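Chemist:
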Amino acid sequence: DSIMIAHSFANNPSFGPAQNLHGATYTVDVTFKTPKLHPKNNWVVDIGEASEVLKEVCEAYNFKNLDEMFPGEMTTTEFMCKKIFEGIKKGRGKNWFKGALEVRLSESHKAWASYEG
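Below is the structure:
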């Protein structure tokens with residue numbers, strides 16, 4: 235999936251020109267991990283349900299200004315990986331995926347981050 239966001243790193247000189255409001259387009263990749271395949275279906279996750287959950291989580295951030303959603307936070311790529319990770323983990327409740335996840339956000343092949351657990 236992908237999301238387009240706006241944000242800034244106001245008053246933080248560590249971010250140079252990115253202190254100013256700017257946009258970013260992220261490709262969102264999620265890796266679902268389990269030690270064993272589902273006993274009946276031989277899958278790690280129902281890809282249809284995983285796709286729906288990812289879409290729902292991404293919609294919460296797509297075309298949003300993260301400065302307004304998370305006032306005072308440095309909404310780094312890493313921060314957003316964690317937020318998306320948490321949304322996917324929560325998913326649709328107790329019967330949702332119980333394995334490990336890795337969420338990777340990429341702006342380019344040189345600018346990306348991931349969060350896993």
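Going by the numbering used here, the first residue of the sequence shown is number 235, and it counts up by one from there.
The beta-carbon is built from N, C-alpha and C at its ideal position, and this holds for glycine as well.
Fair warning: this is a prediction, and the values are worked out from it, not measured in the lab.
Could you tell me which of 263, 271, 344 sits nearest to residue 333, measuring between CA atoms?
Modeler: As a first step, residue 333 must be located in the sequence shown, where it is residue number 99. Answer by Cα proximity: 271.
Chemist: First and last residue of the beta strand (DSSP E) that includes residue 339?
Modeler: The residue you call residue 339 lines up with position 105 of the sequence shown. Where residue 339 is concerned, the enclosing beta strand (DSSP E) stretches over 334-340.
Chemist: Report all residues from its chain with a CB closer than 6 Å to the CB of residue 349; omit the five preceding and five following residues, and keep chain order.
Modeler: In the sequence shown, counting from the first residue as 1, residue 349 sits at position 115. Correct list, in chain order: 315, 316, 319, 337.
Chemist: Leaving aside the five residues before and after residue 237 along the sequence, list all residues of the same chain whose C-beta is less than 7 Å from its C-beta, in chain order.
Modeler: If you number the sequence shown from 1, residue 237 lands on position 3. Contacts found: 260, 262, 292, 295, 296.
Chemist: Taking 9 Å as the threshold (C-beta atoms), are residue 300 and residue 368 in contact?
Modeler: With the chain represented from 235 up to 351, any question about residue 368 goes unanswered, as that position is not in the structure.
Chemist: Please return the same chain residues whose Cβ sits closer than 6 Å to the Cβ of residue 321, not counting the five positions on each side in sequence.
Modeler: Locating residue 321 in the sequence shown gives position 87, where the first residue counts as 1. If we look at residue 321 and ignore the five residues flanking it on each side, its Cβ neighbours are 291.
Chemist: To the nearest angstrom, how far is the alpha carbon of residue 342 from that of residue 286?
Modeler: Walking along the sequence shown from the start, residue 342 turns up at place 108. Walking along the sequence shown from the start, residue 286 turns up at place 52. So the two alpha carbons sit approximately 24 Å from each other.
Chemist: Are there 16 or more other CB atoms within 10 angstroms of the CB of residue 309, so buried, or fewer, so exposed?
Modeler: Walking along the sequence shown from the start, residue 309 turns up at place 75. Buried is the call here.
Chemist: Tell me the DSSP bridge mates of residue 356?
Modeler: Since the displayed the chain opens at 235 and closes at 351, residue 356 lies outside it and no answer follows.
Chemist: Is residue 243 helix, strand or coil when you go by DSSP?
Modeler: Here residue 243 refers to the residue found at position 9 of the sequence shown. The answer is coil: DSSP assigns residue 243 none of H, G, I, E or B.
Chemist: Distance check for residue 311 and residue 279, CA to CA, integer angstroms please.
Modeler: Locating residue 279 in the sequence shown gives position 45, where the first residue counts as 1. Locating residue 311 in the sequence shown gives position 77, where the first residue counts as 1. Straight-line Cα distance between these residues: approximately 25 Å.
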